[in-house]
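Under our numbering, residues 32 to 279 are what the sequence shown spells out, in order. Yeah, the Cβ is synthetic: ideal placement off N, Cα and C, and Gly gets one too.
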Amino acid sequence: MVNDFKTGLVCGIGLAIAATSGLCVSQPAFAQVIPDRTLGSESSVVNSDVLIRGLTSDRVDGGARRGANLFHSFLEFNVAAGRGVYFSNPIGVGNIFSRVTGSNASNLAGRLGVLGTANLFLLNPNGIIFGPNASLDVAGSFTASTARDLLMADGTVYSATNPSASSLLTVSVPLGVQFGKDQPKATITNRGNLSTGQDLTLEAGNLDLQGQLQAGNNLTLKATETVKIRDTVTEPFVARSGAKMSTA
Numbered sequence: 032m033v034n035d036f037k038t039g040l041v042c043g044i045g046l047a048i049a050a051t052s053g054l055c056v057s058q059p060a061f062a063q064v065i066p067d068r069t070l071g072s073e074s075s076v077v078n079s080d081v082l083i084r085g086l087t088s089d090r091v092d093g094g095a096r097r098g099a100n101l102f103h104s105f106l107e108f109n110v111a112a113g114r115g116v117y118f119s120n121p122i123g124v125g126n127i128f129s130r131v132t133g134s135n136a137s138n139l140a141g142r143l144g145v146l147g148t149a150n151l152f153l154l155n156p157n158g159i160i161f162g163p164n165a166s167l168d169v170a171g172s173f174t175a176s177t178a179r180d181l182l183m184a185d186g187t188v189y190s191a192t193n194p195s196a197s198s199l200l201t202v203s204v205p206l207g208v209q210f211g212k213d214q215p216k217a218t219i220t221n222r223g224n225l226s227t228g229q230d231l232t233l234e235a236g237n238l239d240l241q242g243q244l245q246a247g248n249n250l251t252l253k254a255t256e257t258v259k260i261r262d263t264v265t266e267p268f269v270a271r272s273g274a275k276m277s278t279a
């Protein structure tokens with residue numbers, strides 16, 4: 032079963048929804064991928080200018096492995112236009128968790144991918160921007176969120192705003208994300224064509240959507256405040272899922 036909608040089908044989800052004309056979004060200059068020091072000797076290692084699937088890319092190695100989980104932590108996380116950022120996927124790793132502990136939003140103007148079939152999670156409470164040429168190369172599931180914490184089944188958290196609270200990394204499976212009570216309502220903006228092999232989840236204070244979203248399995252769009260759809264006749268907003276589509 033394939034679920035397919037354009038702008039009209041996201042109405043009635045209990046959020047403020049606006050359809051507006053397309054806007055031109057400038058792409059600022061930014062540093063690409065800078066690991067922080069919160070994981071100590073298990074910090075991420077970035078190998079630059081690696082040719083991956085025909086595209087000059089940064090390959091993210093290292094990280095803190097716990098069972099089938101691999102944890103990464105960054106001060107800055109961006110993908111420049113015309114380039115890629117790929118996460119290495121060691122044998123046996125099924126989930127790759129990445130958080131941004133710095134104060135800037137993530138600007139993803141190129142390709143973000145995983146060199147394997149692991150699920151990828153990107154947590155940045157400051158916001159996430161997918162530019163007009165942004166794309167995903169993720170065979171598994173992809174979750175992008177502006178939440179403060181990632182909650183695990185054993186009660187531990189992987190926090191982007193309080194890294195010391197997640198000093199004990201876990202082999203447990205992820206349950207979901209947690210927004211702070213007084214956390215600013217950051218935005219996920221999409222202008223690109225995002226496609227995954229399995230689930231695709233965008234979860235933020237606000238969602239600002241254009242372009243295309245395609246999930247091989249479930250597609251989930253969640254906002255604690257507003258969903259804004261920028262739709263034009265020539266470039267309609269399109270979302271497709273191979274199974275369930277959720278906007279709750």
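Where ARG271 falls: helix, strand or coil (DSSP): When DSSP states are grouped into helix, strand and coil, ARG271 belongs to the strand group.
Return the chain-ordered ranges of every beta strand (DSSP E) run that is complete within the stretch 79-155 and spans a minimum of 3 residues. Correct list: 86-93, 95-97, 100-108, 115-119, 126-131, 137-139, 142-146, 150-154.
Are the stretch 161-171 and the stretch 184-191 touching by the rule of at least three beta carbon pairs closer than 8 Å? By the Cβ rule, the stretch 161-171 does not count as touching the stretch 184-191, because fewer than three pairs are nearer than 8 Å.
Hey, could you find the ends of the beta strand (DSSP E) PHE161 is sitting in? Element bounds for PHE161: 159-161.
Reducing DSSP to helix, strand and coil, say where PRO205 ends up. Of the three classes helix, strand and coil, the one that applies to PRO205 here is strand, per DSSP.
Identify every residue that forms a DSSP beta bridge with PRO66. The secondary-structure analysis by DSSP pairs PRO66 across a beta bridge with PHE105.
Taking ASP230 as the reference, give the member of LEU206, ARG222, SER176, SER272 with the closest Cα. Considering only alpha carbons, the answer is SER272.
Taking the DSSP output, what are the residues bridged to LEU22? Nothing can be reported for residue 22, as the shown portion of the chain is limited to 32 through 279.
Is the stretch 120-131 touching the stretch 211-222, taking contact as three or more C-beta pairs under 8 Å? Fewer than three pairs of CB atoms, one per stretch, sit closer than 8 Å, so the stretch 120-131 makes no contact with the stretch 211-222.
So the candidates are LYS259, GLY93, SER277, ALA99; which of them puts its Cα closest to the Cα of ASN150? Here the closest residue by C-alpha is ALA99.
Looking at the strands, I want to know which residues DSSP matches up with LYS212. Bridge partners of LYS212: none, in fact.
Burial state of LEU54 (16 or more Cβ within 10 Å): In this prediction, LEU54 scores a pLDDT of 41, lower than 50, which makes its location untrustworthy; no coordinate-derived value is stated.
Count the other C-beta atoms from every protein chain shown that fall within 10 angstroms of the C-beta of ARG68, then say buried if there are 16 or more, exposed otherwise. Counting the other CB atoms within 10 Å of its CB gives ARG68 a total below 16, which places it among the exposed residues.
Measuring only from the beta carbon, is ARG84 closer than 7 Å to any heavy atom that is part of the ligand ADP? The ligand content of the structure shown is nil, which means the ligand ADP is not present either.
Pick from GLY144, GLY236, LEU82 that is closest to THR177, judged by C-alpha positions: It is GLY236 whose Cα lies nearest to the Cα of THR177.
So what does DSSP say about SER72, is it helix, strand or coil? Correct three-state label for SER72: helix.
With a CB to CB cut of under 6 Å and the five nearest residues on each side skipped, what residues in its chain are close to PHE102? Around PHE102: GLY94, ALA95, PHE128, LEU200.
Please classify THR263: is it buried, with 16 or more other beta-carbons within 10 angstroms of its beta-carbon, or exposed? Under this definition THR263 is an exposed residue.
Alpha carbon to alpha carbon, how far is THR174 from MET276? Give it in angstroms, no decimals. Taking C-alpha positions only, MET276 is separated from THR174 by approximately 14 Å.
Identify which residue in ASN157, ASP180, LEU106, ASN126 has its Cα closest to the Cα of ALA170. Ranked by Cα distance from ALA170, the options ASN157, ASP180, LEU106, ASN126 are led by ASN126.
To the nearest angstrom, report how far apart ALA191 and LEU252 are at their CA atoms. Going from the Cα of ALA191 to the Cα of LEU252 covers about 21 Å.
Among residues of its own chain, excluding the 5 on either side of LEU153, which ones have a beta-carbon nearer than 6 Å to its beta-carbon? Within the same chain, LEU153 has close Cβ partners SER129, ALA175.
DSSP-derived helix/strand/coil call for CYS55: Bear in mind that the predicted position of CYS55 carries a pLDDT of just 39, short of 50, making it unreliable; the figure below should be weighed with that in mind. Secondary structure at CYS55: coil, using DSSP grouped into helix, strand and coil.
Can the beta-carbon of ARG142 be found less than 8 Å from the beta-carbon of LEU206? Not a contact, by the Cβ cut-off of 8 Å.
Just list the residues that DSSP pairs THR218 with in beta bridges. Paired residues: ASN237.
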